[in-house]
Structures are given as C-alpha cells and as structure tokens.
Ligand code: FES
C-alpha cells in the first residue's frame, strides 16, 4: 500500500481491523498519499475508540469522516449510511487502495460504489473475519465454498474472492 492513497471504510466492530492498519500507516505517514477514513456505527455509544476518532479528526493527518444512524447524536455528525459518505469523495482510482471492514450490508452498499468510482478488483481489500469462530482451522465455520477464511485470510483482495459472489456478503 506504500505510495498509494488509502480509503479506509469501517462499520461497527470493523473498526478494530481498520484501526490496526491505520496505526501502522500513521507510524510512517510520509510513505502514503492521502488517507481517508469513513467510519459508521449505530450510535455514538457504539463507536469503538471514540477518543482515537476525535484525535484523528483533528490531527490533519487524514480525512476522518464519521456517521451514526442516530439523528439526535451528541457529536452532530450526519445520520447517513457509510456508503453515503463515499458520494462526496474525490479519489484518484489509479492511485487509491481501499480497505473495507464491517457488517455484510456495508459490503453490499460500499463495494459497488467503489467500483463505480473506478477502483479495480486488486485495489479493494475486504475483511471477512466475522465468519470466524475457532480461528484455528478446526471448526469449519469460516469456510466459504473452497476458502477457509481463518487460514487463508481473513483479509482478502477482492480479486481473489470475487468468485464467491454473494457468499461474501452473508
Ligand atoms: S474459524 Fe474455525 S475453521 Fe476457521
């Protein structure tokens, strides 16, 4: 991802994985282009790492946009879907890598938007961690067709799993 612009999209607990990536990026910020974080949750109380989100928002190191479904939220952030935040973005698809981590409905909504913005299959990474149970390759719960998520992932380039079709979004 070095040398690229990054578009990080997190929904709910999906921020856990995105935060790890973002902390690594921020530790060597000079090696990346523009960094954008879109983060959504049910309400302010459901936002993970709220202190980090506020710090990132004010840091000037990245473009951090937050949304929650609760219209009366105390932060005054827009009550829209994360996908809606994508609509204002001005990205260069040739130099952008996107990482998406969140619930199935977010993948259904966000992935097509990213492709419409011009990203290709190799520039989109998805976190399929939610399918995992034992995490040890034993229980078989994470298997999607021929892929064992905990052994082969859980982070995948879209190009390597697009043959799974809608199974990705379950
Ligand atoms: S989570 Fe149990 S086999 Fe992958």
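Numbering (my numbering), first residue to last: 1318 to 1487.
All residues carry an ideal CB built from backbone N, CA and C; glycine is no exception.
* Asked: Quick one: what does DSSP say residue 1348 is sitting in, helix, strand or coil?
  -> Walking along the chain shown from the start, residue 1348 turns up at place 31. Residue 1348: helix per DSSP, three-state reduction.
* From which residue to which residue does the beta strand (DSSP E) around residue 1380 run? -> On the chain shown, residue 1380 is found 63 positions in, with the first residue counted as 1. For residue 1380, the enclosing beta strand (DSSP E) has its first and last residue at 1380 to 1385.
* Would you kindly work out how many angstroms separate the C-alpha atoms of residue 1449 and residue 1481, rounded to a whole number? => Your numbering for residue 1449 matches position 132 in the chain shown. Your numbering for residue 1481 matches position 164 in the chain shown. Each residue's Cα considered, the two are about 16 Å apart.
* Asked: Which two residues bound the contiguous beta strand (DSSP E) that contains residue 1444?
  -> Counting from 1 along the chain shown, the entry for residue 1444 is found at position 127. Looking at the DSSP string, the run of the beta strand (DSSP E) that includes residue 1444 is 1441 to 1444.
* Cα-Cα separation, residue 1355 to residue 1415 -> Here residue 1355 corresponds to residue number 38 of the chain shown, with the count starting at 1. Here residue 1415 corresponds to residue number 98 of the chain shown, with the count starting at 1. Each residue's Cα considered, the two are about 11 Å apart.
* Asked: How close, in whole Å, do the beta carbons of residue 1342 and residue 1323 come, if the pair is a contact with beta carbons under 8 Å?
  -> Indexing the chain shown from 1 puts residue 1342 at position 25. Indexing the chain shown from 1 puts residue 1323 at position 6. Confirmed, Cβ separation roughly 6 Å.
* To do: Pick helix, strand or coil for residue 1342, following the three-state DSSP scheme.
  => Within the chain shown, numbered from 1, the residue matching residue 1342 stands at position 25. Residue 1342 falls in the helix class under three-state DSSP.
* **residue 1413 versus residue 1340: straight-line alpha-carbon distance, rounded** => Here residue 1413 refers to the residue found at position 96 of the chain shown. Here residue 1340 refers to the residue found at position 23 of the chain shown. Each residue's alpha carbon lies about 18 Å from the other.
* Asked: Should residue 1449 be counted as a contact of the ligand FES given a C-beta to heavy atom distance under 6 Å?
  -> Working through the chain shown from its first residue, we reach residue 1449 at position 132. Residue 1449 Cβ: within cutoff of the ligand FES.
* With a threshold of 6 Å, establish whether the CB of residue 1479 neighbours any heavy atom of the ligand FES. => To locate residue 1479, count along the chain shown from 1; it is residue 162. Answer for residue 1479: no, Cβ out of range of the ligand FES.
* Just reading off the beta strand (DSSP E) that residue 1327 is part of, what are its end residues? -> As a working note, residue 1327 is residue 10 in the chain shown. Unbroken beta strand (DSSP E) run through residue 1327: 1322 to 1328.
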